[in-house]
DNA sequence: CGGAGGCTTGAATCCTCTCAATGTGCGTGG
DNA sequence: CCACGCACATTGAGAGGATTCAAGCCTCCG
């Protein structure tokens, strides 16, 4: 982790990254036009992580939370056999590290180069008063509710047994998120590689490859290159995602 | 839903149910000895649901939250094909219906006869002041954090491909919960039937049956009857649950 | 231009799912 | 008190899809 700078009077404007679009930390994908958590900036440090670096580890002390400015973060667990199943992908604008325990139950690592605000809990507790406290609680609640929703959608994806269906569900969520943020219509950038997708939808990279091929053969998607996919048949994707072949 | 009574000056003491033990609504399995949310009782109605009745439906208005006094509640989603995958089981002491949206994203229905406190959001908003508001936020945060943790554990269970492993994971969580509440050591009561378990671990009732048989044959568990199981080899169960055959 | 890593494809094996039928337990009614 | 019936639970057989191991291909970067 690299501490790039301490915030001065104003939040610095992040330079526009290309694939993952920068967004103000607001805790939600739906509302970049939040009242603004200016008070949060008082205790924020801007930090940078290289791809693969850990923001925090499994069972590490929960001494800070983060707001992603640019980049992609993977939430994962480390299993006794060395597997690292991915439980969530987080992007610009997302908050992570929120808990009510003294230790994180999962690990977070940078899926790409990541810049983020870091909010040490100690400083947060000290600096929160009155209105700020109220807004903070609102923010936390929104963040946690979103985490619950996303975890449940993830569970619904994982229930499916056919890899194509799971992949379709995954793409649907990525698409919904991108469109919710005013992104380009049907063009999707995949910030993660095949094995990350596999670790998220609970299958092997080979199965992901085959599922992509199937979707492409069915005319549901079309690849520009390995990381850029265009949804050519949204209804077909939705049908697959909705559970044509659920368990 | 049946409104049994409006709370008077004190929270009524629920008569001791046998299989599912009654617990004060405290929002967590770990802390029945919470400071007590006495102020919550001001707006609470005690309601009763028969087995199968819905506490709230998919996409219904989020106009109240509940605290379970006795019984078991299933959180599920209704899929277009009629399937009703179960996302969570909730028991005495659990809070449900917490959200930051105007509508629930999932449905909740009684898995057994259920008595619960019902807290209409309108009344909650009106009656929360100062200290109560602070405690309320704490309660909400704890509840949501727990939901996130449980949803993630659920996802980890769903990742596994062998039915025995998934069932072991499910039993482990049930056991941890029971023991966390000071329950009998290694005897487990299953408040749900086989198809509910199947709907939760993402498989068919037949597979659940076969997985149970396998666990029994391996000497990991032993059935007294269909609903009472004794963990005869906790280490073996943990080994299976931890991922002997993960994906 | 060369190498390394990621991605894709191929073939054999295993497991689960589905469809059916049988067995068990509980509640009801006679 | 006993017998019946319904719902749940278990068991069986066949087919389909996924996982695994292994090898070849492509792309990107140095």
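Chains as they are written, first to last, in my numbering: chain A, 65 to 311; chain B, 65 to 311. C-beta: ideal position from N, C-alpha, C; glycine also.
task = Hey, could you find the ends of the alpha helix (DSSP H) residue 123 of chain A is sitting in?
result = In the first chain, counting from the first residue as 1, residue 123 of chain A sits at position 59. Segment: none, residue 123 of chain A is in no alpha helix (DSSP H) and carries neither H nor E.
query = Can you tell me whether DSSP reads residue 255 of chain B as helix, strand or coil?
reply = Residue 255 of chain B sits at position 191 when you count from the first residue of the second chain. Residue state, collapsed to three classes: coil.
ask   = With DSSP run on the structure shown, which of helix, strand or coil describes residue 306 of chain B?
value = By one-based count along the second chain, residue 306 of chain B stands at place 242. Reduced to three states, the DSSP call for residue 306 of chain B is helix.
request  = Starting from the Cα of residue 190 of chain A, find the closest Cα among A:306, A:107 and A:289 and give me that residue.
outcome  = Taking the first chain and counting its residues from 1, the one referred to as residue 190 of chain A is at position 126. Out of A:306, A:107 and A:289, A:107 has the C-alpha closest to the C-alpha of residue 190 of chain A.
message = For residue 271 of chain A and residue 201 of chain B, what's the separation of their Cα atoms in angstroms?
response = Mapped onto the first chain, residue 271 of chain A falls at position 207. Mapped onto the second chain, residue 201 of chain B falls at position 137. Computed Cα separation, rounded: 44 angstroms.
Status (buried if at least 16 other CB within 10 Å, exposed otherwise) for residue 93 of chain B = Counting from 1 along the second chain, the entry for residue 93 of chain B is found at position 29. Reliability of the predicted coordinates at residue 93 of chain B is poor, the pLDDT of 39 falling under 50, and no value is obtained from them.
message = Helix, strand or coil for residue 140 of chain A? Go by DSSP, reduced to three states.
response = Working through the first chain from its first residue, we reach residue 140 of chain A at position 76. Three-state result, residue 140 of chain A: strand.
query = Considering only residues of the same chain and omitting the five flanking positions on each side of residue 167 of chain A, which have a CB-CB separation below 7 angstroms?
reply = Along the first chain, one-based indexing puts residue 167 of chain A at 103. Result list for residue 167 of chain A: 123, 124, 125 and 126, in chain order.
request  = Answer with buried or exposed for residue 145 of chain A, where buried requires no fewer than 16 other C-beta atoms within 10 angstroms of its C-beta.
outcome  = Looking up residue 145 of chain A in the first chain gives position 81. Classification of residue 145 of chain A: exposed, given that the 10 Å Cβ count is below 16.
task = List the DSSP bridge partners of residue 261 of chain B.
result = Mapped onto the second chain, residue 261 of chain B falls at position 197. Per DSSP, none; premise fails for residue 261 of chain B.
task = Could you tell me how far apart the beta carbons of residue 161 of chain B and residue 128 of chain B are, in whole angstroms, since I believe they sit closer than 8 angstroms?
result = Residue mapping note: residue 161 of chain B aligns to position 97 of the second chain, counting from 1. Residue mapping note: residue 128 of chain B aligns to position 64 of the second chain, counting from 1. Between residue 128 of chain B and residue 161 of chain B the Cβ distance is about 6 angstroms, and since that is below 8 angstroms, they are a contact.
query = So what does DSSP say about residue 218 of chain B, is it helix, strand or coil?
reply = By one-based count along the second chain, residue 218 of chain B stands at place 154. Reduced to three states, the DSSP call for residue 218 of chain B is helix.
query = At least one CB of chain A closer than 8 angstroms to the CB of residue 298 of chain B: is that the case?
reply = Here residue 298 of chain B refers to the residue found at position 234 of the second chain. No, its Cβ sits nowhere closer than 8 angstroms to a Cβ of chain A.
Backbone secondary structure at residue 196 of chain A - three-state DSSP = In the first chain, the residue the question calls residue 196 of chain A occupies position 132. Here residue 196 of chain A sits in helix by DSSP.
query = From residue 87 of chain B to residue 155 of chain B, what does the alpha carbon distance come to, in whole angstroms?
reply = Taking the first residue of the second chain as position 1, residue 87 of chain B is located at position 23. Taking the first residue of the second chain as position 1, residue 155 of chain B is located at position 91. Residue placement at residue 87 of chain B cannot be trusted, given a pLDDT of 43 that sits under 50; what the coordinates show is reported in the next sentence. When rounded, the distance between both Cα atoms is 9 angstroms.
ask   = residue 203 of chain A CB to nearest chain B CB: under 8 angstroms?
value = Along the first chain, read from residue 1 onward, the residue named residue 203 of chain A stands at position 139. Residue 203 of chain A does not count as touching chain B.
ask   = Thinking C-alpha only, which one of B:151, B:137 and B:215 is nearest residue 157 of chain B?
value = Against the second chain, residue 157 of chain B aligns to sequence position 93. Closest option to residue 157 of chain B, Cα to Cα, is B:137.
ask   = Which residues in the same chain as residue 97 of chain B place their Cβ atom closer than 6 angstroms to its Cβ, once the five residues preceding and following it in sequence are excluded?
value = Here residue 97 of chain B refers to the residue found at position 33 of the second chain. Bear in mind that a pLDDT of 37 at residue 97 of chain B, under 50, signals an unreliable position, so the number given afterwards is only what the model happens to contain. Nothing listed; no residue qualifies.
task = Indicate the three-state DSSP secondary structure (helix, strand or coil) for residue 160 of chain B in the structure shown.
result = Counted from its first residue, the second chain places residue 160 of chain B at position 96. Strand, per DSSP.
ask   = What's the C-alpha gap between residue 277 of chain B and residue 290 of chain B?
value = Working through the second chain from its first residue, we reach residue 277 of chain B at position 213. Working through the second chain from its first residue, we reach residue 290 of chain B at position 226. Residue 277 of chain B and residue 290 of chain B: Cα-Cα distance of roughly 12 angstroms.
message = From the DSSP secondary-structure annotation, give me the bridge partner or partners of residue 286 of chain A.
response = As a first step, residue 286 of chain A is located in the first chain; it is residue number 222 there, counting from the start. A:294, per the DSSP bridge assignment.
Option nearest residue 283 of chain A by Cα separation, candidates A:301, A:65 and A:292 = Position 219 of the first chain, counted from the start, is the residue given in the question as residue 283 of chain A. Nearest of A:301, A:65 and A:292 to residue 283 of chain A, Cα basis: A:301.
key: Proximity winner among A:240, A:220 and A:66, relative to residue 113 of chain A (alpha-carbon distances)   = As a working mapping, residue 113 of chain A is identified with position 49 in the first chain. Closest option to residue 113 of chain A, Cα to Cα, is A:66.
query = Which chain A residues are close to residue 164 of chain B, counting only those with a beta carbon under 7 angstroms from its beta carbon?
reply = Here residue 164 of chain B corresponds to residue number 100 of the second chain, with the count starting at 1. In chain order: 205, 206 and 209.
inquiry  = Quick check: the segment 213 to 228 of chain A against the segment 228 to 247 of chain B, are at least 3 beta-carbon pairs closer than 8 angstroms?
reply    = no
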